[in-house]
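Protein chains in written order, with the working numbering: chain A, 3 to 85; chain B, 131 to 782. We treat Cβ as the ideally placed atom computed from N, Cα and C, and that holds for glycine.
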């Protein structure tokens with residue numbers, strides 16, 4: 003099975019974050035979490051999950067939706083679908 | 131399997147292509163611009179936002195995230211309110227009653243409404259509180275005084291409300307009917323907004339598969355039954371339906387409803403489908419407001435047939451059975467013909483020599499469309515934007531009521547730039563999908579179909595014959611006499627109520643006060659002895675024009691009446707019909723011992739046609755009294771009036 007580059011994931015994620023949180027430039031790294039981004043509320047969390055699902059063509063389970071609290075969590079979740 | 135070349139880069143390329151061509155969730159009939167993100171960034175930083183810069187974005191395909199961003203930008207616009215001139219846009223107040231979470235759908239609804247010329251203020255209630263809102267006459271819902279009330283209930287909520295006493299499916303269906311009628315009744319008691327009932331998204335899981343309907347207490351079967359019957363119940367109660375079934379089938383259920391998100395946040399409709407959902411909602415609202423398209427303008431080469439008539443000749447073009455490509459174009463022609471039978475006016479706008487362009491219509495045996503299906507046929511080498519203007523002028527309709535279909539991206543782009551009010555669908559490459567694309571775009575969505583709608587296309591074609599006759603006469607009166615016009619008038623009744631209301635709400639040019647009325651409001655006026663609601667039908671030697679004008683007069687006192695509403699279809703302009711109508715009004719007034727008639731003109735930006743109407747009818751200007759009224763006029767019935775001898779006036 004194909005491996006997916008972490009760099010590609012981060013690049014795609016930062017585009018999504020930019021769209022949702024209306025930020026100009028975002029240097030996305032794994033350590034960034036819900037606390038660091040104003041606007042990362044429950045409403046936008048769903049938008050984030052949905053956007054990741056559409057962008058990467060994956061489906062995130064309800065157990066995982068609640069656990070995704072940092073960028074690193076997202077990267078791990080996406081990688082898990084491609085390995 | 132050989133995976134060489136199936137690189138990560140290649141994989142993303144394929145995904146990217148999939149996303150761009152993702153026709154299912156997006157509004158694929160709208161153009162995609164490549165620099166949407168840049169445009170959004172640019173507008174986001176603007177202060178104040180210039181709505182003109184947003185118009186490209188409003189008319190392009192956006193995903194749900196881009197819609198959210200544009201929604202934020204536009205909200206900022208709205209908050210500033212009067213710093214913007216919303217030329218041509220109409221305001222409307224929309225309340226959404228829902229048992230599920232709907233906040234994520236609001237940007238899409240607002241933006242889709244803007245695309246159709248409506249600025250919406252949207253009211254939502256606290257989560258799950260819709261019954262409390264409806265059952266309390268003092269609720270903020272009713273204080274909001276909506277023009278439109280959308281009811282969006284999830285299947286669990288409907289079942290909870292309908293299966294109270296037993297598992298018997300018939301009884302459950304009866305209870306569902308009672309529940310909806312009661313809900314609609316209470317809304318109607320509390321406000322005068324038009325109700326739109328959304329079909330129920332069938333989220334209930336079937337237990338037995340194909341034989342599900344035999345299972346008497348199946349929730350899935352019950353929801354199926356309710357959806358099946360809801361259309362009839364709604365139509366009996368004059369409630370408009372928002373039918374999602376067809377779109378759920380086309381796009382796929384799992385794109386519409388995400389079970390994880392339902393449990394996570396009680397979203398019945400998934401965020402990713404919000405662009406389509408918002409568009410569907412706005413279609414019904416716009417159709418009810420009379421803002422649907424009236425005329426389909428078609429290119430010829432590679433639009434109505436395969437190939438180029440000028441190059442390939444009559445034997446070379448592909449149209450007709452026996453050839454797959456020819457059959458695809460034939461199917462499209464059939465669709466166009468059926469559209470015209472629902473009252474859509476057809477026109478041709480083609481870059482061709484006229485005689486070449488007409489050749490297939492005259493002599494190709496397989497053509498379904500004939501020359502006489504078109505109200506206007508323009509083939510020349512001028513640019514298409516100018517030709518579209520010509521068609522609009524000739525048919526006397528607004529450019530904003532036209533749809534232009536052309537296979538050539540260059541022509542589409544040119545028309546979009548020159549005439550942004552014309553709807554130009556992004557046509558697929560494959561002619562097999564032309565009809566589907568136009569249908570999916572919803573441009574001809576209507577809430578009802580009157581007998582006049584069915585006849586309209588023919589009436590426009592008759593009009594062409596009339597104007598040809600007109601050029602044959604040197605004197606306009608001779609021409610009018612030759613038309614042998616009969617003006618038939620009568621009061622509103624159950625049979626013509628829908629058409630009369632539709633005419634009032636659709637008419638912009640000849641509408642003295644910019645009146646708009648709901649069916650229910652008209653019914654109240656009909657029952658009120660202070661009002662007289664009169665309709666006029668015009669018949670001439672070419673045929674029946676249908677109901678072409680309505681007038682509502684209001685008694686102010688025993689001797690004085692005021693013209694509350696007067697609308698007339700632009701199809702009969704230039705034939706002095708307004709004089710004949712006024713003659714009828716004078717007779718009605720004299721019969722009721724009225725001495726004077728007051729007429730008000732309120733400028734709406736679209737009705738300058740009637741700015742001097744009252745003057746022309748012999749009214750005298752009154753000093754300005756009310757700032758909301760552009761000019762007031764009075765007519766003394768003791769004065770002598772001119773009669774129009776070339777009309778035969780008949781009371782029905």
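Chain B beta carbons: is any one of them nearer than 8 angstroms to that of residue 82(A)? no
Are the Cβ atoms of residue 764(B) and residue 749(B) separated by less than 8 angstroms? Yes. Within cutoff.
How would you call residue 459(B), buried or exposed, if buried means at least 16 neighbouring beta carbons within 10 angstroms? buried
Distance, residue 640(B) Cα to residue 716(B) Cα: 20 angstroms
Output, in sequence order along the chain, the residues in the region 47-60 of chain A whose CB is closer than 7 angstroms to any CB in chain B. Answer in chain order: 48, 49, 52, 53, 56 and 59.
Under the assumption that residue 617(B) contacts residue 666(B) (Cβ atoms under 8 angstroms), give the Cβ distance between them as a whole number of angstroms. 6 angstroms
Select from the region 389-404 of chain B all residues with a C-beta closer than 9 angstroms to any C-beta belonging to chain A, and list them in chain order. 389, 390, 391, 393, 394, 395, 397, 400, 401 and 402
Could you tell me whether the Cβ atoms of residue 41(A) and residue 72(A) are closer together than 8 angstroms? no
Indicate whether at least one CB of chain A lies closer than 8 angstroms to the CB of residue 187(B). By this cut-off, residue 187(B) is not an interface position.
Can you check the region 734-764 of chain B for any alpha helix (DSSP H) of at least 4 residues that lies completely inside it and give the ranges in chain order? Qualifying alpha helix (DSSP H) stretches, in chain order: 743-746.
With a CB to CB cut of under 6 angstroms and the five nearest residues on each side skipped, what residues in its chain are close to residue 783(B)? As displayed, chain B neither begins before 131 nor continues past 782, which places residue 783(B) out of reach and without an answer.
Anything in the region 197-209 of chain B with a Cβ closer than 9 angstroms to a Cβ of chain A? List those residues in chain order, please. 198, 199 and 202
If contact is defined by three or more beta carbon pairs under 8 angstroms, each pair taking one atom from either stretch, is the region 260-275 of chain B in contact with the region 307-322 of chain B? Counting Cβ pairs under 8 angstroms, three or more are found: they touch.
Using a Cβ cut-off of 8 angstroms (strictly closer), state whether residue 233(B) contacts chain A. yes
Using the Cα positions of residue 456(B) and residue 556(B), report the straight-line distance between them to the nearest angstrom. So the alpha carbons of these two residues sit roughly 21 angstroms apart.
Nearest-angstrom beta carbon gap, residue 11(A) and residue 77(A) [assumed within contact, 8 angstroms]: 5 angstroms
For chain A, check one thing: does any of its Cβ atoms lie closer than 8 angstroms to the Cβ of residue 157(B)? no
For residue 574(B), which three-state DSSP category applies? coil
Determine which residues of the region 20-43 of chain A have a Cβ less than 7 angstroms from any Cβ of chain B, and write them out in chain order. If the cut-off is 7 angstroms between Cβ atoms, the region 20-43 of chain A has 21, 22 and 24 near chain B.
Roughly how many angstroms lie between the CA atoms of residue 257(B) and residue 697(B), to the nearest whole one? 43 angstroms
Grab me the residues of residue 213(B)'s own chain with a C-beta within less than 7 angstroms of its C-beta, minus the 5 sequence neighbours each way, in chain order. In this predicted model, residue 213(B) has a pLDDT of only 45, less than 50, meaning its place in the structure is not dependable enough to derive any value.
If we define contact as Cβ-Cβ less than 8 angstroms, is residue 195(B) a contact residue for chain A? yes
Just to confirm my understanding: we take residue 35(A), look at its own chain, exclude 5 residues before and 5 after, and list those with CB closer than 6 angstroms. What are they? Excluding five sequence positions before and after residue 35(A), the CB atoms of its chain that fall closer than 6 angstroms to its own CB belong to 71 and 72, given in chain order.
Are the beta-carbon atoms belonging to residue 229(B) and residue 311(B) less than 8 angstroms from one another? No. Outside cutoff.
Per-residue DSSP class, three states only, for residue 670(B): Residue state, collapsed to three classes: strand.
Residue ranges of each alpha helix (DSSP H) run of no fewer than 4 residues wholly in the region 230-257 of chain B, ordered along the chain? 236-245
With residue 371(B) as the anchor, note down where its beta strand (DSSP E) starts and where it stops. 370-372
Cross-strand partners of residue 695(B) (DSSP beta bridge): Note: residue 695(B) sits in a beta bridge opposite 682(B).
How big is the Cα-Cα spacing for residue 302(B) and residue 730(B)? 53 angstroms
Integer-rounded CB distance, given that residue 404(B) should sit under 8 angstroms from residue 238(B): 4 angstroms
Are there 16 or more other CB atoms within 10 angstroms of the CB of residue 150(B), so buried, or fewer, so exposed? Confidence at residue 150(B) is low in this model, with a pLDDT of 45, below 50, so the placement of that residue is unreliable and no value is reported for it.
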